[in-house]
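Take 236 as the starting number for the sequence shown in our numbering and just add one per residue. C-beta atoms are modelled at their ideal positions from N, C-alpha and C, and glycine is treated no differently. Bear in mind the structure is a predicted one, so any value in this text is a computation, not a measurement. Take a look at the structure set out below.
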Amino acid sequence: MKIVFHGENASTFHPGFAELLTEPHELVLLPDHLDGDADREEYANADVIIGIKFDGTFPAPQNLKLYQVPGAGYDGITVPALPADADFCNCFGHEVAIAEYAMAALLSRHVPLADADNRMRKGDWKYWAGGPSGMRTELGNTVIGILGYGHIGKEIAKRAKAFGMNAHVANRSCPKDQSQIDAYHAIDDFRDMLPNVDVVVNTLPLAESTTGLVDEKAFANMKPTAVFMNVGRGGVVDEDALFKALKDGAIEHAFIDTWYQYPSGPDAVTYPSRLAFHELSNITMTPHMSGWTHGTIDRRKKAMAENINLISQGQTPANRIAR
């Protein structure tokens, strides 16, 4: 089979991929923009496409058996444009990395290592045990509220409980295993959860039902001391409402990893929003990095290779997305 890695993101998974396949296949690397006839022909003749963007402007794949997204989100795919008889799958493997990011971000609010180090280099012992000036807070005394209890939400809850936090969850369905949960809310009633938690973490994917879900009313329901984090999709959180909540001090701080505007290329200087989040002092901004680790790459590579092995044997691949 011809396996096309389409674009820079997909090409990340190419090294070592052939060794994970049970049969020899032709592996082709194509750029994000299919400029020439040769690129377009390779794309059109692919049996498998690994990519994050597909719409009606791309050549129609004639032999496609599998369109494989190398991640969880597929909002860049115009699903109706895919060949009807091709399998459409995503993969995960990023939940451990994102959970570690979330805990590192939250711990930074309670354990001021960087500030302590900076002060010590100047002979300042502010945080010295025994004095009142440097006493800090503890993460374990706070309550976390998690929007969405899928792969990411479960890993965050597990780590939050390990630190002694109480974990509240708002989800579309009630989880069967509630060993890591102290309170459950239906997603339609998630605003009822917000006044009772100190940290709100969005892990939800972008869909018609979740677009703009965290809006001005949601931020109004949060504690003024609340910390908000988005490691789901940017569009789940209303852009204007988030900016206003931070600018007006309606919430204390935000950690935002998923955004509203993305670069057109690796070297493009791009602000992540049309609004001046970068001028606010009560936000920590990161470039959609929370799940991007060597471990994530390895886990996704194995999952995608296994899907190709399965369709080569006439079997059904994993993580099929319903259409």
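Would you kindly check if the distance between the Cβ of residue j and the Cβ of residue i is under 8 Å?
i: residue 224; j: residue 449; result: This structure cannot settle anything about residue 224, because the visible part of the chain is limited to 236 through 558.
i: residue 472; j: residue 517; result: no
i: residue 387; j: residue 402; result: no
i: residue 420; j: residue 405; result: yes
i: residue 319; j: residue 291; result: no
i: residue 455; j: residue 418; result: no
i: residue 383; j: residue 439; result: yes
i: residue 429; j: residue 478; result: no
i: residue 281; j: residue 259; result: no
i: residue 495; j: residue 508; result: yes
i: residue 491; j: residue 520; result: yes
i: residue 515; j: residue 482; result: yes
i: residue 434; j: residue 369; result: no
i: residue 345; j: residue 374; result: yes
i: residue 301; j: residue 542; result: yes
i: residue 331; j: residue 470; result: no
i: residue 400; j: residue 377; result: yes
i: residue 540; j: residue 293; result: no
i: residue 311; j: residue 288; result: yes
i: residue 236; j: residue 525; result: no
i: residue 451; j: residue 489; result: no
i: residue 505; j: residue 468; result: no
i: residue 351; j: residue 362; result: yes
Using C-beta distances below 8 Å, list every residue in its chain close to residue i, excluding the 5 sequence neighbours before and after it, in chain order.
i: residue 249; result: 240, 262, 264
i: residue 394; result: 334, 335, 337, 338
i: residue 277; result: 237, 239, 263, 265
i: residue 202; result: Examination of residue 202 is not possible in this model, given that the chain is present from 236 through 558 alone.
Residues in the same chain with beta-carbon distance under 7 Å from residue i, minus the five sequence neighbours each way, listed in chain order, please.
i: residue 337; result: 391, 436, 464, 466
i: residue 325; result: 304, 306, 307, 309, 554, 556
i: residue 558; result: 314, 323
i: residue 425; result: 382, 405
i: residue 551; result: 545
i: residue 422; result: 405, 406, 407
Using DSSP's beta-bridge definition, name the partner residues of residue i.
i: residue 554; result: Answer is none; residue 554 lacks a bridge partner.
i: residue 323; result: 302
i: residue 284; result: 239, 302
i: residue 366; result: Partner(s): none; residue 366 has no beta bridge.
i: residue 519; result: 490
i: residue 538; result: BP columns for residue 538 are empty, so no partner.
i: residue 349; result: Answer by DSSP bridge pairing: none, since residue 349 is not bridged.
i: residue 432; result: Per DSSP, none; premise fails for residue 432.
i: residue 289; result: 312
i: residue 331; result: DSSP output for residue 331 lists no bridge partner at all.
i: residue 264; result: 240
i: residue 278; result: DSSP, once it has assigned bridges, lists no residue as partnering residue 278.
i: residue 401; result: 378
i: residue 420; result: 405
Could you pull out every residue in the same chain whose Cβ sits closer than 6 Å to the Cβ of residue i, ignoring the five residues on either side in sequence?
i: residue 286; result: 241, 242, 245
i: residue 257; result: 544
i: residue 275; result: 269, 294
i: residue 460; result: 487
i: residue 284; result: 239, 241, 302
i: residue 354; result: 361
Secondary structure at residue i, three-state DSSP: helix, strand or coil?
i: residue 336; result: helix
i: residue 514; result: helix
i: residue 249; result: coil
i: residue 307; result: coil
i: residue 273; result: helix
i: residue 442; result: coil
i: residue 295; result: coil
What do you reckon, is the C-beta of residue i under 7 Å from a heavy atom of the ligand GTP?
i: residue 558; result: What this structure holds is no ligand at all, so the ligand GTP is not there to describe.
Worksheet entry | alpha helix (DSSP H) runs contained entirely in the region 456-505, provided each spans 4 or more residues | 474-482
Worksheet item: In the region 366-391, which residue ranges form an unbroken beta strand (DSSP E) of at least 3 residues, counting only runs that do not cross its ends?
Response: Those beta strand (DSSP E) runs which fall completely within the region 366-391 and span 3+ residues are 378-382.
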